[in-house]
Structure formats: structure tokens, C-alpha cells
Amino acid sequence: MCYNIFRNQTKARRFMDPQFPLYPLLLFISAFLALFVGLVLWGRRHLPGGRQLALMMLCAAGWCITGGVEATITGVPAKIFWSQLSYLFIPHTVPLFFVFVLAFSGQSHLIRKPLLVMLWAIPAGMTLLALTNPLHGLIWADIRPIAGSSMIEYVKGTGFWVCVGYLYALLTVGCFLLVRKTLATRHIYRRQAALMLASVPFPWLGNFIYISGIGPTGIDLTPIGFTLGGLLIFWNISSLQLLDLVPVGSDAVLDSMQDGMLVLDRENRVIDFNPAARQLLGIRASSLIGLSLRELIPSLSSVDFSAIPRKGMFLDLKPELPGGRYLNVRINPFHDPTFGQAGSILVIRDVTQQILTEAAESDQRQLAEALRETAAMLNSTLDYEQVLDRVMENVIRVMPHDAASIMFLDSQRQHAVIARYHDEFNHSRGAIIRGLKLEVSRARNLSTMLATNQPLAIADVRGFDGWVMLTPNDWIRSSLGAPIRAGGEIIGFLVLYSATPNTFQPYQTARLQAFADQAAMAIENARLFQRVQALAATDPLTGLLNRRQFFHLAQQEVERAVRYRRPLALIMMDLDHFKDVNDSYGHIAGDIVLEELGKLFRSSLRKIDLAGRYGGEEFIFLVPEASLESARQLAERIKEDIAERAFHTPENVVRITASSGVTALTEDRSTLEALINAADQALYAAKAAGKNQVAVCE
Numbered sequence: 019m020c021y022n023i024f025r026n027q028t029k030a031r032r033f034m035d036p037q038f039p040l041y042p043l044l045l046f047i048s049a050f051l052a053l054f055v056g057l058v059l060w061g062r063r064h065l066p067g068g069r070q071l072a073l074m075m076l077c078a079a080g081w082c083i084t085g086g087v088e089a090t091i092t093g094v095p096a097k098i099f100w101s102q103l104s105y106l107f108i109p110h111t112v113p114l115f116f117v118f119v120l121a122f123s124g125q126s127h128l129i130r131k132p133l134l135v136m137l138w139a140i141p142a143g144m145t146l147l148a149l150t151n152p153l154h155g156l157i158w159a160d161i162r163p164i165a166g167s168s169m170i171e172y173v174k175g176t177g178f179w180v181c182v183g184y185l186y187a188l189l190t191v192g193c194f195l196l197v198r199k200t201l202a203t204r205h206i207y208r209r210q211a212a213l214m215l216a217s218v219p220f221p222w223l224g225n226f227i228y229i230s231g232i233g234p235t236g237i238d239l240t241p242i243g244f245t246l247g248g249l250l251i252f253w254n255i256s257s258l259q260l261l262d263l264v265p266v267g268s269d270a271v272l273d274s275m276q277d278g279m280l281v282l283d284r285e286n287r288v289i290d291f292n293p294a295a296r297q298l299l300g301i302r303a304s305s306l307i308g309l310s311l312r313e314l315i316p317s318l319s320s321v322d323f324s325a326i327p328r329k330g331m332f333l334d335l336k337p338e339l340p341g342g343r344y345l346n347v348r349i350n351p352f353h354d355p356t357f358g359q360a361g362s363i364l365v366i367r368d369v370t371q372q373i374l375t376e377a378a379e380s381d382q383r384q385l386a387e388a389l390r391e392t393a394a395m396l397n398s399t400l401d402y403e404q405v406l407d408r409v410m411e412n413v414i415r416v417m418p419h420d421a422a423s424i425m426f427l428d429s430q431r432q433h434a435v436i437a438r439y440h441d442e443f444n445h446s447r448g449a450i451i452r453g454l455k456l457e458v459s460r461a462r463n464l465s466t467m468l469a470t471n472q473p474l475a476i477a478d479v480r481g482f483d484g485w486v487m488l489t490p491n492d493w494i495r496s497s498l499g500a501p502i503r504a505g506g507e508i509i510g511f512l513v514l515y516s517a518t519p520n521t522f523q524p525y526q527t528a529r530l531q532a533f534a535d536q537a538a539m540a541i542e543n544a545r546l547f548q549r550v551q552a553l554a555a556t557d558p559l560t561g562l563l564n565r566r567q568f569f570h571l572a573q574q575e576v577e578r579a580v581r582y583r584r585p586l587a588l589i590m591m592d593l594d595h596f597k598d599v600n601d602s603y604g605h606i607a608g609d610i611v612l613e614e615l616g617k618l619f620r621s622s623l624r625k626i627d628l629a630g631r632y633g634g635e636e637f638i639f640l641v642p643e644a645s646l647e648s649a650r651q652l653a654e655r656i657k658e659d660i661a662e663r664a665f666h667t668p669e670n671v672v673r674i675t676a677s678s679g680v681t682a683l684t685e686d687r688s689t690l691e692a693l694i695n696a697a698d699q700a701l702y703a704a705k706a707a708g709k710n711q712v713a714v715c716e
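Numbered according to our numbering, the sequence shown spans residues 19 to 716.
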């Protein structure tokens, strides 16, 4: 026995040799490492178990620092002070480790205030006893210097052994829970639990060497062991995402399920899955553990999982995944009693066949209804404009689109004129695009349909050589067109547009063509009827609409503007002193002036504007998609053109002026009759103001 004491004292003296203070140096290095790991863990304290691990490593750092200082200084009272100070940290390391193990092993529901009070009752008492040891000697029964050394020996008291027994029991239970978790889990979590278990022997062995007396007297390797274990935990965090991927999902997922299952943590990363999920998602990797949901199913990245009710929610995914499959996903959150929502469970089902069947049936019904509507059009109206409007209204029922246009070939078949354009995004674009001419030879989609007499689907217009991109339509990405055929010849085209590539599928071309053929009959009948009506609808002298036809067409435009809440203006114009022209130069000269005025009006107005001869020398203009101010400017421009023009007759040069009244559509002025009355009043005001004026009725 005396030999063992002498040998231990000799070891201690060598270990504490002033020329090479290895023991305090190891303690300070361990303190630095433990402090570093503790601070890193504190940055993840919001994760389950993160706070307990951080505090455990910070306690180990405090233990190392106080132990290092105690081993370095020489005065006995100072050594005792720093030894007492170390008990602010020593008793709390094991309870903190035990609480972390509870959270890691799925027992976090036990972490409640009563349990925490019970766990810390003895450690808190041990700290108090150490600080008051001179009064009772329960922690250290005796403190005596070691001969030939600057170190002192602490003889353990009864209270010390009671506390050590408690801490060893707590450590044993924690190890048992880790062993059970290691055997019960799979995938990455088994390695996590095994590494956590491997970190325990370091402090345990260091403490056993100290309290058993088989090591150098006064040398406590326990805090160094805690630091070594902490470094292993740190490697566990950085390599296996400990704390980030806490095993909160059930390990009893049935591999035989046909529906896929994903278990996500709070950061929407996969912590468990079954083979069906990997197959449905088209993932070849053997494991999905740790992958983000954003990587697997991008369309779900915008879902706020924290707002999902406890009863869950259903979502249908578009065919963005391999194979073009439609998936139905049920999302159910699951909660941890301590940490709140712990993650989500996704059950994935392939509903492709069901979706495609329902879509095919719906498409067939919509196509049949649209074709019936088109057929009914043949018997309901012969008005050309109404036919075009109804074609645009019904084409949406054939297939979804973002915009559509109807265009007709000119007599030379070299240009296609856009007769109708409807845009779901921007209704005002119709007025801009309507009437535009496209050169067929440059627009390869049109020339292809003209040459093949077949519809054409374009997956992405940006990769289609020869696509004419109009500035207002630079958003278009895909297109589907069908020729409008009448009497065996192509008279125009019906074209659909989408802002998304690959919107239109090849099978849809036949449906659009069927609709276009049905619409073509109504369009051609309306055009023939329009030609007959045109012969009786225009004023033979000016070429403008006669009064009856103007009223007929203007009524439709006013109703359309009211229905769609679009701007519209009306101008009444009267030639000043035109009776003097007839009286001075003769009626032939007057007719020449009227004929030239008709040409001037047609060149000054847009194709969508209506110009009519209201009376002898009175004219009326309806200007769709025009504000009151723009109509006033138009009237001013026409007035100036008339005043500046010299009208050449066989015998004389005639000059005239004109006065105009302008008004616009309002809520109180929403009929053609009200517009004419308002413009007429403004015209009287212009005449009264001295003629050659433009007056406005607001």
C-alpha cells in the first residue's frame, strides 16, 4: 500500500513538473475545445436537445478551466477555492446529458418541470455542499498536501459518494436509452445513436480512474474525457446532421404500401420514407434521407407547412415529375409535446389514370357543347361581327388558352389581317392588335398551315424559326393554330396562344380543327350576307355608311362597350355654309366636295371606327376604345384637314370649314340615342361660337 502511494505521488510530481505542466495544459486545451463546441451547439439551441448539449459542453469547459487554474496555482487556500468553484459545473454535466438523451430517444414528453426538479435536486445539493464544505466535510472529509508536490489530496466524504452514485445511475440509464435507440432505429439514425453512445466512455473512464485511485493522486481526467466525448458529438453534428435530422418519424412504415410515404422534419427534410415514395418520385438513389422537399417536389416548396391544420390537407400535383404522372398528396403535421410541430407526414398516391380519364371525358363534353353552340350559331344570326364574337366566346370551351386570334387572308393571300383578338391577361391589347397585318411568307406558322391545309402546334415559339413576335405579344411561349376553310379554300386562321411552353398537345389539334371547320360555315355565311348588305348599307356619293346602317352597327358597338365597360366616343360634324357651295358653284361641285370628304374621313379614321352620312352635309363618327379627349383631338385634326384642303371642281377651287360636337360614353349616357343627343348639343354650341369649332359635351 505504501509502495502504491509512493508510486502515485511520483507520477503526480512528474505530471506537475513546473518545467512541463502537462496536466493543466491539457485542461486548458480541453476547456478551449469544449467552449468552442458549446458555442456551436448554442447556435442550434432551438432544435430538440440542442440547448442541453450546449450547456453540457459549457459546463465541461467551466470544469476544465477551474481545474486548470487549481492545478496551476500553489497556495492551498486558493486551490481549495477553485476546487469549490468547479462544483458549479461538475454535478450538472450528467443531468444535462440525460435530458438530451430523453429528447433524442423520443421521450421528450417526459421533460417536464417536476422531472427537471427531481433530476437537479442532488446535483444542486452537491454544489451547495461543496461551497459549504468547511462546515460539515461531507464532500471532502480531509484536504492534505502531497509531499514533494504542489498538489493536494482531497479525501472524499459521504456526500461525495452519494452524489457520484446518483450521477453514475443517471449515466447508466442514459446509456441504456441510447443502446435501445441504436437497436431500434435504421438508416442514418442508427449511426447517430451509436456515435452518441461512443462518446460516453471517455468521461466515464476518466472519472473511474480518478475516484478509484489507480491514477495519479489529485489528477482528475473526467473533464478531459467530457471534452473528447464532446468532440465526437461535434463530428456527429457536422457529418451526420445530428440535431438537424432528429428521428421523430415512426420506424414502422410499411414497405409493402402502394402509396408513397415521406416523413419530414421541421425543416422539410426527409427523415424517413418507404420504397413506394422513391418509385413514385422517380428517384434512383437508394436513400432519400436528408434531402429537401424542394429538391424532390419543387411545387410544394411554396406550401406553408406551419399553417396546415391538424386534420391535414390534400393537394394535387401537376405532372412535373418523371413520366408525366399526376400525384395526390395528403399532408398531416405531427406534434411533439415539448417542441411543438415536429414535422409532417406526406402520403403520395398516383392518380394519373383517374385524372386523364376525367379530363378526357370533360374535354369530350366541352367539345360537343362547343360544336353544338357553333351549329346553333348558323341559325341564330348572319351578322358577321356577332359570328366572330361568338367564335371567340366559344373557343375557350374547346381548350384552355391565354389568348386567341381570328385572322383572315386578303384577296392576294399574301397578308393575314387580325379580325379578332382576345387576351385573358390584358383586355386592352385587343384594340392594339386588332387590324394588324401579318405577311404570310414571313410568319412560318401561317405559311405552313396554308401549304399543308393542316393545323399546327408549336411547343415553344422561341425555338420556332419564322415566328413573328409582335411587341405586345412577346409573352407568348406556345401556340396552336388551325386553318379556317370555306368552299375547299383557306380563308383565314384560328390561333390560340399560351404563356407556358408545351401547353398544347398534338391530340388537341384535331379538336381545334373540328371547331374551326364548324365556325367556318357560320363565318362564310355571315360574310356572304355582309357583302349583300354592304351594297345597300353605304352612301353611294361618299362611300360612308348610310344612316340606317350606321345606326345598326353603332348600336352593336355601344352595347358591346357597355357590356365590357370599354371607352367609346361619338362625333357629330356639320359643314359650315355648305348651301353656299351648291348655290355658288352648282350641285356637281357640291357632290365632288362630298365625295372627296368621304375619302378624307376614311383615311383619317381607324378600321374599327364607324363613319356615316347623317344627313345632307352632316356626318357622324363612332370611335370605339377612345376617350373623350382622344375623340376631341381627332375632331380637331379632321377640322384642320378640311380647312386646309382645296377641293378642285371642273371650274373652280372650293374651300370649306366644318364644326363638330364630341361626347363620350358615361354611366348616365349609355345609349346610342343619348350619345347622339349630347353630340348634337355640342355641335350647336360650336356653331353658335362662330363655326369652324369643336365643342365637347362632357
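For glycine and all other residues, C-beta sits at the position ideal for the given N, C-alpha and C.
Item to complete: With distances taken Cα to Cα, identify the nearest neighbour of Tyr-632 among Thr-675, Phe-568, Arg-650, Lys-625.
Response: For the purposes of this step, residue 632 is identified with residue 614 of the sequence shown, where counting begins at 1. For Tyr-632, the nearest C-alpha among the options comes from Phe-568.
Worksheet item: Distance, Cα to Cα, Val-479 vs Trp-485?
Response: Position 461 of the sequence shown, counted from the start, is the residue given in the question as residue 479. Position 467 of the sequence shown, counted from the start, is the residue given in the question as residue 485. Computed Cα separation, rounded: 6 Å.
Item to complete: Might you give, ordered along the chain, the residues of its own chain that have their beta carbon closer than 7 Å to the beta carbon of Leu-128, omitting 5 neighbours on each side?
Response: Locating residue 128 in the sequence shown gives position 110, counting from the first residue. Within the same chain, Leu-128 has close Cβ partners Leu-120.
Discussion item. If I measure Cβ to Cβ from Val-671 and keep anything under 8 Å in the same chain, skipping five residues before and after, which residues do I get?
Written reply: As a working mapping, residue 671 is identified with position 653 in the sequence shown. Cβ within range, chain order: Ala-664, Phe-665.
Worksheet item: To which residues of the same chain is Asn-346 closer than 6 Å at the C-beta, ignoring the five residues directly before and after it?
Response: Counted from its first residue, the sequence shown places residue 346 at position 328. Around Asn-346: Asp-334, Arg-367, Val-369.
Item to complete: Could you pull out every residue in the same chain whose Cβ sits closer than 6 Å to the Cβ of Thr-560, ignoring the five residues on either side in sequence?
Response: Position 542 of the sequence shown holds residue 560. Counting only Cβ-Cβ distances below 6 Å, and skipping sequence neighbours, we find Leu-612, Gly-616, Arg-631.
Fill in: Buried or exposed (CB count within 10 angstroms, at least 16 for buried), Gly-300
For this step, residue 300 is matched to residue 282 along the sequence shown. When all chains shown are included, Gly-300 counts as exposed.
Item to complete: Would you mind working out which of Gly-68, Trp-100, Gln-70, Leu-71 sits nearest Cys-82, comparing C-alpha positions?
Response: In the sequence shown, counting from the first residue as 1, residue 82 sits at position 64. Residue Trp-100 is the option with its Cα nearest to Cys-82.
Item to complete: Look at Glu-654 and Val-714 and say whether their C-beta atoms are less than 8 Å apart.
Response: Position 636 of the sequence shown, counted from the first residue, corresponds to residue 654. Position 696 of the sequence shown, counted from the first residue, corresponds to residue 714. No, the Cβ-Cβ distance between Glu-654 and Val-714 is not below 8 Å.
Worksheet entry | Leu-690 vs Val-576 beta-carbon contact at 8 Å | Translated into the one-based positions of the sequence shown, residue 690 becomes position 672. Translated into the one-based positions of the sequence shown, residue 576 becomes position 558. In this structure, Val-576 lies closer than 8 Å to Leu-690 by Cβ.
Discussion item. My assumption, with CB atoms under 8 Å, is that Glu-662 sits in contact with Pro-585. Please give the rounded CB distance.
Written reply: As a first step, residue 662 must be located in the sequence shown, where it is residue number 644. As a first step, residue 585 must be located in the sequence shown, where it is residue number 567. With a Cβ gap of about 29 Å, Glu-662 and Pro-585 do not count as contacting.
Practice prompt. Give me the Cα-Cα distance between Val-416 and Tyr-582, rounded to the nearest whole angstrom.
Written response: Translated into the one-based positions of the sequence shown, residue 416 becomes position 398. Translated into the one-based positions of the sequence shown, residue 582 becomes position 564. Spanning the two alpha carbons is a distance of roughly 22 Å.
Practice prompt. Could you tell me if Glu-635 is buried or exposed, where buried requires 16 or more neighbouring beta carbons within 10 angstroms of its beta carbon?
Written response: Stepping through the sequence shown from its first residue, residue 635 is reached at position 617. Glu-635 is buried by the Cβ-count criterion.
Item to complete: Output the distance between the C-alpha atoms of Glu-376 and Ala-422, rounded to the nearest integer angstrom.
Response: Locating residue 376 in the sequence shown gives position 358, counting from the first residue. Locating residue 422 in the sequence shown gives position 404, counting from the first residue. Whole-angstrom Cα-Cα distance: 25 Å.
Worksheet item: Hey, would you say Thr-675 sits closer than 8 Å to Asn-710, going by beta carbons?
Response: Translated into positions along the sequence shown, residue 675 becomes position 657. Translated into positions along the sequence shown, residue 710 becomes position 692. Annotated as proximal: Thr-675 and Asn-710, with beta-carbon spacing under 8 Å.
Worksheet entry | Other residues of its chain near Ala-572: CB distance less than 7 Å, five sequence neighbours each side excluded | One-based indexing of the sequence shown puts residue 572 at position 554. Answer for Ala-572: Leu-628, Leu-640, Leu-690, listed in chain order.
Worksheet entry | As assigned by DSSP and simplified to three states, the class of Gly-616 | For the purposes of this step, residue 616 is taken as residue 598 along the sequence shown, with counting starting at 1. In the structure shown, Gly-616 sits in a helix (DSSP, three-state: H, G or I).
Worksheet item: Helix, strand or coil: which one does DSSP assign to Phe-38?
Response: Translated into the one-based positions of the sequence shown, residue 38 becomes position 20. Below a pLDDT of 50, predicted positions are generally treated as unreliable, and Phe-38, at 40, falls in that range; the measurement from the model is reported next regardless. It is coil, neither helix nor strand.
Fill in: Per DSSP, cross-strand counterpart(s) of Phe-639
On the sequence shown, position 621 is the one that residue 639 refers to. Among the bridge pairs identified by DSSP, Phe-639 is matched with Ile-589, Ala-629.
Item to complete: Could you tell me the distance, in whole angstroms, from the CA atom of Thr-684 to the CA atom of Glu-716?
Response: What you label residue 684 is simply residue 666 of the sequence shown in a count that begins at 1. What you label residue 716 is simply residue 698 of the sequence shown in a count that begins at 1. Cα-Cα distance, rounded: 9 Å.
Worksheet entry | Cut-off 7 Å between Cβ atoms - residues of its own chain near Thr-518, not counting five sequence neighbours on either side | Translated into the one-based positions of the sequence shown, residue 518 becomes position 500. Excluding positions up to five away in sequence, the list reads Arg-495, Ser-496.
Item to complete: Would you kindly report the start and end of the unbroken beta strand (DSSP E) that includes Phe-511?
Response: Your numbering for residue 511 matches position 493 in the sequence shown. 507-516 is the extent of the beta strand (DSSP E) around Phe-511.
Discussion item. Which complete alpha helix (DSSP H) runs does the segment 444-529 hold, if anything under 4 residues is left out?
Written reply: 447-451, 462-470
Practice prompt. Consult DSSP for Asp-730 and reduce its assignment to one of helix, strand or coil.
Written response: The structure shown does not extend to residue 730, since the chain is modelled only from 19 to 716, so the question has no answer here.
Discussion item. Going by DSSP in three states, Leu-309 sits in which element: helix, strand or coil?
Written reply: As a working note, residue 309 is residue 291 in the sequence shown. Coil, per DSSP.
Item to complete: Within the same chain, show all residues whose beta-carbon is closer than 6 Å to that of Leu-53, passing over the 5 residues directly before and after it, in chain order.
Response: The count along the sequence shown starts at 1 and reaches residue 53 at position 35. Cβ within range, chain order: Ala-79.
Worksheet item: Does the Cβ-Cβ distance between His-433 and Leu-456 come in under 8 Å?
Response: Residue mapping note: residue 433 aligns to position 415 of the sequence shown, counting from 1. Residue mapping note: residue 456 aligns to position 438 of the sequence shown, counting from 1. For His-433 and Leu-456, yes; Cβs fall inside 8 Å.
Worksheet item: With burial defined as no fewer than 16 other Cβ atoms inside 10 Å of the residue's Cβ, what is the status of Thr-245: buried or exposed?
Response: Here residue 245 corresponds to residue number 227 of the sequence shown, with the count starting at 1. It counts as buried.
Worksheet item: Who are the Cβ neighbours of Ala-706 in its own chain at under 6 Å, not counting the five residues just before and after it?
Response: Here residue 706 refers to the residue found at position 688 when the sequence shown is read from its first residue. Here the set comprises nothing.
Discussion item. So the candidates are Asn-543, Val-513, Tyr-525; which of them puts its Cα closest to the Cα of Ala-534?
Written reply: Counting from 1 along the sequence shown, the entry for residue 534 is found at position 516. It is Val-513.
Item to complete: List the residues that DSSP assigns as beta-bridge partners of Trp-158.
Response: Position 140 of the sequence shown, counting from 1, holds the residue named residue 158. According to DSSP, which records beta bridges pairwise, Trp-158 is partnered with Lys-174.
Worksheet item: For Asp-420, which three-state DSSP category applies?
Response: The count along the sequence shown starts at 1 and reaches residue 420 at position 402. Coil.
Worksheet item: Taking the Cβ atom as the reference point for each residue, do Tyr-184 and Ile-140 lie within a distance shorter than 8 Å?
Response: Indexing the sequence shown from 1 puts residue 184 at position 166. Indexing the sequence shown from 1 puts residue 140 at position 122. Yes; because the gap between Cβ atoms is below 8 Å, this pair is in contact.
Fill in: Coarse secondary structure for Tyr-105, derived from DSSP in three states
Here residue 105 refers to the residue found at position 87 of the sequence shown. Looking at Tyr-105 - three-state DSSP - the assignment turns out to be coil, as it is neither helix nor strand.
Practice prompt. Compare the Cα-Cα distances from Leu-156 to each of Met-410, Gly-175, Tyr-603 and report the closest residue.
Written response: Numbered from its first residue, the sequence shown carries residue 156 at position 138. Nearest option by C-alpha distance: Gly-175.
Item to complete: Could you have a look at Thr-681 and say whether DSSP puts it in helix, strand or coil?
Response: Indexing the sequence shown from 1 puts residue 681 at position 663. Note: Thr-681 maps to strand in three-state DSSP.
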